[in-house]
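Student: Taking this note's numbering, the leading residue of the sequence shown gets 93, the next gets one more, and so forth. We treat Cβ as the ideally placed atom computed from N, Cα and C, and that holds for glycine. Quick caveat: nothing in here was measured; it's all calculated off a predicted structure. Here it is, the structure, as structure tokens.
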Amino acid sequence: MGHTPDRPDYSEAGAAAVELSIPADCAGLRLDQALARVLPEHSRARLQAWIKAGRVTVNGQPSAAKARVWAGESVRVEPAADPAAAPFVAQPIALAVVYEDDAVIIIDKPPGLVVHPGSGNWTGTLANALLHHCPALAAVPRAGIVHRLDKDTSGLLVVAKTVTAQTHLVRQLQARSVKREYLAVVHGRVARGGKVVAAIGRHPSQRTRMAVVSGGKEAVTHYEVRERYAHATLLACRLETGRTHQIRVHMHSIGHPLAGDPTYGRRSAPPGPLAEFRRQALHAERLTLVHPVTGQTMSWHAPLPADLRALLAALAATAQPLVEP
93 MGHTPDRPDY SEAGAAAVEL SIPADCAGLR LDQALARVLP EHSRARLQAW IKAGRVTVNG
153 QPSAAKARVW AGESVRVEPA ADPAAAPFVA QPIALAVVYE DDAVIIIDKP PGLVVHPGSG
213 NWTGTLANAL LHHCPALAAV PRAGIVHRLD KDTSGLLVVA KTVTAQTHLV RQLQARSVKR
273 EYLAVVHGRV ARGGKVVAAI GRHPSQRTRM AVVSGGKEAV THYEVRERYA HATLLACRLE
333 TGRTHQIRVH MHSIGHPLAG DPTYGRRSAP PGPLAEFRRQ ALHAERLTLV HPVTGQTMSW
393 HAPLPADLRA LLAALAATAQ PLVEP
């Protein structure tokens, strides 16, 4: 096929260019489809990115991913480094450290900060900030991060400074002994507290979303009413499990989606503070766990960030008295 099976790992920086000829069994396929067959060690998405960046030529000319290719045509691929294979870089990003000792760091994460590097966010994340704050975290998987918060969720999370502490904390999460309590502003007036028990998995057709689905992973969220407003309710939510987007999905499933949630929220809201809030109104307020070294139960509290305080103040201006049903 014009290339050798013992070629180097092209995901590494400085990888050699690949020269190949389109084989007969790929004739008539799109360029990205043909390359996915000929170079199976690379994902189709990565190959498409290289084509778009002009790193792939057909008969010496740049081409489009959807262009058809034919047997015998000469293709040159110049691989780019895969960011996922590179070590995270330390960056001087400000951190709100609530507590720190030789085993753990408790962070109060601001909204807008991605926790872990990933597609489209290889730098500027909490992990990059942690490596600058504590270079020794380079020796701990995922820079010591034990659990995540969504980019636009604010509040507390724990970071392990050693592999031993990380293992201990992961086991606590698995045993459900870590207590995580959130404040959430949801649409509508919630009548009373309750519990949502509904399995969560990937949405069957929208793969970037989660949903309540049969066959999903068990998920349990407890919630209680803290305050009611004209068109919204402030809830305290406690996670019994820790599924992706759990509170956001569960509140949506009972007809009270989070204010400002771009994925699970309402497409329209009455004019006013609910319609103007630009992120999911969710804050990890309290975190309780057993210290991995001392065995002592410890708890931390993070006050609401300024944008959520402003939202509640605006809602309170139109609040109705709290009347228990």
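Work out the CA separation of residue 142 and residue 109 for me, nearest whole Å.
Tutor: Answer to the nearest angstrom: the Cα atoms are 12 Å apart.
Student: Measure the alpha-carbon distance for residue 113 versus residue 215 and round it to whole angstroms.
Tutor: Answer to the nearest angstrom: the Cα atoms are 37 Å apart.
Student: Could you tell me whether the region 378–395 touches the region 261–273, using the rule of 3 or more Cβ pairs below 8 Å?
Tutor: Segments in contact, yes.
Student: Return the chain-ordered list of same chain residues with a C-beta closer than 6 Å to the C-beta of residue 391, the five sequence neighbours on each side being excluded.
Tutor: Closer than 6 Å at Cβ, skipping near neighbours: 380.
Student: Using only the alpha-carbon positions, how far apart do residue 373 and residue 354 sit?
Tutor: Distance between the alpha carbons of residue 373 and residue 354: 11 Å.
Student: So what does DSSP say about residue 260, is it helix, strand or coil?
Tutor: If DSSP states are grouped into helix, strand and coil, residue 260 belongs with the helices.
Student: Could you check whether the region 239–252 touches the region 195–207, counting it as contact only if at least three pairs of C-beta atoms, one from each stretch, sit closer than 8 Å?
Tutor: Contact between the region 239–252 and the region 195–207 is present, because at least three Cβ pairs lie under 8 Å.
Student: Since I believe residue 331 is in contact with residue 318 (beta carbons under 8 Å), could you give me their beta-carbon distance rounded to a whole number of angstroms?
Tutor: Their Cβ separation, rounded to whole angstroms, is 16 Å, which puts residue 318 and residue 331 out of contact at 8 Å.
Student: Could you tell me if residue 226 is buried or exposed, where buried requires 16 or more neighbouring beta carbons within 10 angstroms of its beta carbon?
Tutor: Classification for residue 226: buried.
Student: Is the region 303–310 touching the region 331–346, taking contact as three or more C-beta pairs under 8 Å?
Tutor: Enough Cβ pairs lie closer than 8 Å, so yes.
Student: Keeping to the same chain, check which residues put their C-beta closer than 6 Å to that of residue 224; ignore five residues upstream and five downstream.
Tutor: Cβ within range, chain order: 182, 183, 184.
Student: Using 8 Å for Cβ pairs, my map puts residue 290 next to residue 345. What's the rounded Cβ distance?
Tutor: Their Cβ separation, rounded to whole angstroms, is 6 Å, which keeps residue 290 and residue 345 in contact under 8 Å.
Student: Using a threshold of 8 Å, state whether the C-beta atoms of residue 140 and residue 117 are closer than that.
Tutor: Not a contact, by the Cβ cut-off of 8 Å.
Student: Can you give me the C-alpha to C-alpha distance between residue 369 and residue 308, rounded to a whole angstrom?
Tutor: Spanning the two alpha carbons is a distance of roughly 31 Å.
Student: For a test of the three-state rule: what should DSSP assign to residue 185, helix, strand or coil?
Tutor: Reduced to three states, the DSSP call for residue 185 is coil.
Student: Express the C-alpha separation of residue 297 and residue 275 in angstroms, rounding to a whole number.
Tutor: C-alpha separation (whole angstroms): 30 Å.
Student: Buried or exposed: which applies to residue 393, given that a residue is buried once 16 or more other Cβ atoms fall within 10 Å of its Cβ?
Tutor: So residue 393 ends up on the exposed side.
Student: Report yes if the C-beta distance between residue 208 and residue 279 is below 8 Å; otherwise report no.
Tutor: Cβ atoms of residue 208 and residue 279: not closer than 8 Å.
Student: What is the DSSP secondary structure of residue 151, reduced to helix, strand or coil?
Tutor: The answer is coil: DSSP assigns residue 151 none of H, G, I, E or B.
Student: Using three-state DSSP, classify residue 104 as helix, strand or coil.
Tutor: Here residue 104 scores only 38 on pLDDT, less than 50, and its place in the model should not be relied on; the value that follows carries that caveat. Here residue 104 sits in coil by DSSP.
Student: If you draw a straight line from the alpha carbon of residue 251 to that of residue 129, how long is it in whole angstroms?
Tutor: For residue 251 and residue 129, the distance between alpha carbons rounds to 41 Å.
Student: Leaving out five residues before and five after residue 144 in sequence, what residues of the same chain have Cβ atoms less than 8 Å from its Cβ?
Tutor: Around residue 144: 157.
Student: Where do the ends of the beta strand (DSSP E) carrying residue 109 lie?
Tutor: Per DSSP, residue 109 belongs to no beta strand (DSSP E) and is neither H nor E.
Student: What residue from 315, 292, 217, 337 has the CA that sits closest to residue 284's CA?
Tutor: For the residues 315, 292, 217, 337, the minimum Cα distance to residue 284 belongs to 315.
Student: Does residue 258 pass the burial test, meaning 16 or more other C-beta atoms within 10 Å, or should it be called exposed?
Tutor: The residue in question, residue 258, is buried, as its Cβ has 16 or more Cβ neighbours within 10 Å.
Student: Give the DSSP bridge partners of residue 314, in chain order.
Tutor: Partner(s): 287, 330.
Student: Quick check on residue 73: buried or exposed, where buried means 16 or more other Cβ atoms within 10 Å of its Cβ?
Tutor: Here the chain covers residues 93 to 417 and nothing more, so residue 73 does not appear.
Student: So is residue 310 buried or exposed if we call it buried at 16+ other beta carbons inside 10 Å?
Tutor: By the neighbour-count rule (16 or more Cβ atoms within 10 Å), residue 310 is not buried but exposed.
Student: Grouping DSSP H, G and I as helix and E and B as strand, with all else coil, what is residue 348?
Tutor: If DSSP states are grouped into helix, strand and coil, residue 348 belongs with coil.
Student: Apart from the five residues on each side of it in sequence, which residues of its chain come closer than 8 Å, Cβ to Cβ, to residue 165?
Tutor: Answer for residue 165: 113, 114, 150, 151, listed in chain order.
Student: With a threshold of 16 other CB atoms inside 10 Å of the CB of residue 400, please say whether the residue is buried or exposed.
Tutor: Looking at its Cβ environment, which holds 16 or more other Cβ atoms inside 10 Å, residue 400 is buried.
Student: Rounded to whole angstroms, how far is the Cβ of residue 122 from the Cβ of residue 159, which I believe are closer than 8 Å?
Tutor: Right, the Cβ-Cβ distance comes to about 7 Å (below 8 Å), so this counts as a contact.
Student: Considering only the beta carbon of each residue, do residue 237 and residue 219 sit closer than 8 Å?
Tutor: Yes, the pair counts as a contact, with Cβ atoms nearer than the cut-off.
Student: To which residues of the same chain is residue 254 closer than 7 Å at the C-beta, ignoring the five residues directly before and after it?
Tutor: Cβ within range, chain order: 195, 232.
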